[in-house]
Amino acid sequence: MYLTSTGYDSILGFDLDEHRFNWAMNVQTGDYRFKGIKFDPMSDDGPLMLNKMHINNVFCSDHGMYISGLRTGGMLHFNGKDINMAVQLPPGTHNAQPFRDGVLFNDSKDDVLRYTGRGEGEEDRAMVVPKYEPAELQHMDLADEEVARPGFARGLCVLSDHAVAGGSSPSTVSVYDLAANEKLLSVNLSTDVRNAIHGLEVWPFD
Numbered sequence: 395m396y397l398t399s400t401g402y403d404s405i406l407g408f409d410l411d412e413h414r415f416n417w418a419m420n421v422q423t424g425d426y427r428f429k430g431i432k433f434d435p436m437s438d439d440g441p442l443m444l445n446k447m448h449i450n451n452v453f454c455s456d457h458g459m460y461i462s463g464l465r466t467g468g469m470l471h472f473n474g475k476d477i478n479m480a481v482q483l484p485p486g487t488h489n490a491q492p493f494r495d496g497v498l499f500n501d502s503k504d505d506v507l508r509y510t511g512r513g514e515g516e517e518d519r520a521m522v523v524p525k526y527e528p529a530e531l532q533h534m535d536l537a538d539e540e541v542a543r544p545g546f547a548r549g550l551c552v553l554s555d556h557a558v559a560g561g562s563s564p565s566t567v568s569v570y571d572l573a574a575n576e577k578l579l580s581v582n583l584s585t586d587v588r589n590a591i592h593g594l595e596v597w598p599f600d
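For the record, in the sequence shown the residue sitting at position 32 is 426 according to my numbering, with numbers rising by one throughout.
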């Protein structure tokens, strides 16, 4: 299992059978190029805590590892040796992943879930996350752009080749039909603005 170490601009590999971290890679950037530096996650000799790119998502497929964050500039592709920019994305991106012939991601800055095809004239979708009246929400006095904000798009899960589930604040899960360009349903679990969906997955996981 791979997970992000956001503060250290790194990806960690965790062995589910041995219950230990057994692989790690620090992502570095300079002169508009990226490189991955592998290190032992169990040693004291690791990268500095810089949080330069705010890596918040890693997605793996047969085509490689895809890495993205608030300040990566887009979705990066790691082929086991090199890291290259797969596609440029707007600042504030979460949960970016390849989908069909394009890219699916939460544009958290604009409070929408987006799907964009690669070719000119290809399908382009922007699904607005649910919004609530301030009177319906709890602890609005504690809302903060850096910590808790209503409408923040975060958490993404593919259900089929046209249906996806997306999360948003406060604690809302919505299902969208990309082909029909519409929201199918939405379930709110809490009206406390401090509570937000961060990750979604189909269960049980095969």
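Backbone N, C-alpha and C define an ideal beta-carbon position, used for all residues, glycine too.
Can you have a look at residue i and say buried or exposed, based on whether 16 or more other CB atoms are within 10 angstroms of its CB?
{"i": "L578", "result": "exposed"}
{"i": "L397", "result": "exposed"}
{"i": "G474", "result": "exposed"}
{"i": "D505", "result": "buried"}
{"i": "A520", "result": "exposed"}
{"i": "L444", "result": "exposed"}
{"i": "F599", "result": "exposed"}
{"i": "A418", "result": "buried"}
{"i": "P544", "result": "buried"}
{"i": "S437", "result": "exposed"}
{"i": "S455", "result": "exposed"}
Could you tell me the distance, in whole angstroms, from the CA atom of residue i to the CA atom of residue j?
{"i": "D409", "j": "A490", "result": "24 Å"}
{"i": "V523", "j": "L507", "result": "7 Å"}
{"i": "R588", "j": "V596", "result": "24 Å"}
{"i": "A574", "j": "L498", "result": "16 Å"}
{"i": "D622", "j": "V452", "result": "Since the first residue shown for the chain is 395 and the last is 600, residue 622 is missing from the structure and cannot be characterised."}
{"i": "I461", "j": "L531", "result": "33 Å"}
{"i": "H413", "j": "P441", "result": "22 Å"}
{"i": "E576", "j": "N416", "result": "42 Å"}
{"i": "T566", "j": "Y526", "result": "11 Å"}
Are residue i and residue j closer than 7 Å when you measure CB to CB?
{"i": "P564", "j": "D535", "result": "no"}
{"i": "G463", "j": "Q482", "result": "no"}
{"i": "G560", "j": "H592", "result": "no"}
{"i": "D571", "j": "A590", "result": "no"}
{"i": "L583", "j": "C551", "result": "no"}
{"i": "Q422", "j": "K429", "result": "yes"}
{"i": "T400", "j": "I449", "result": "yes"}
{"i": "S568", "j": "S554", "result": "no"}
Whole-angstrom Cβ separation of residue i and residue j, contact assumed at under 8 Å?
{"i": "D439", "j": "N420", "result": "So it is not a contact: roughly 11 Å between Cβ atoms."}
{"i": "P435", "j": "L406", "result": "6 Å"}
{"i": "G511", "j": "D495", "result": "6 Å"}
{"i": "R465", "j": "M479", "result": "Not confirmed; about 13 Å, so no contact."}
{"i": "K503", "j": "P484", "result": "7 Å"}
For chain D, check one thing: does any of its Cβ atoms lie closer than 7 Å to the Cβ of residue i?
{"i": "K432", "result": "Among the chains of the structure shown, chain D does not appear; only one protein chain is present."}
Measuring only from the beta carbon, is residue i closer than 6 Å to any heavy atom that is part of the ligand SAM?
{"i": "F546", "result": "For the ligand SAM, the structure offers nothing, since it holds no ligand at all."}
For this session: Could I get the ranges of all uninterrupted beta strand (DSSP E) runs contained in the segment 405 to 490, with 3 residues as the minimum, in chain order?
Result: 414 to 424, 427 to 432, 449 to 455, 458 to 463, 468 to 472 and 477 to 482
Exercise. Mind pulling the beta strand (DSSP E) runs of 3 or more residues that sit fully within the segment 545 to 595?
Worked result: 547 to 552, 557 to 562, 566 to 571 and 576 to 582
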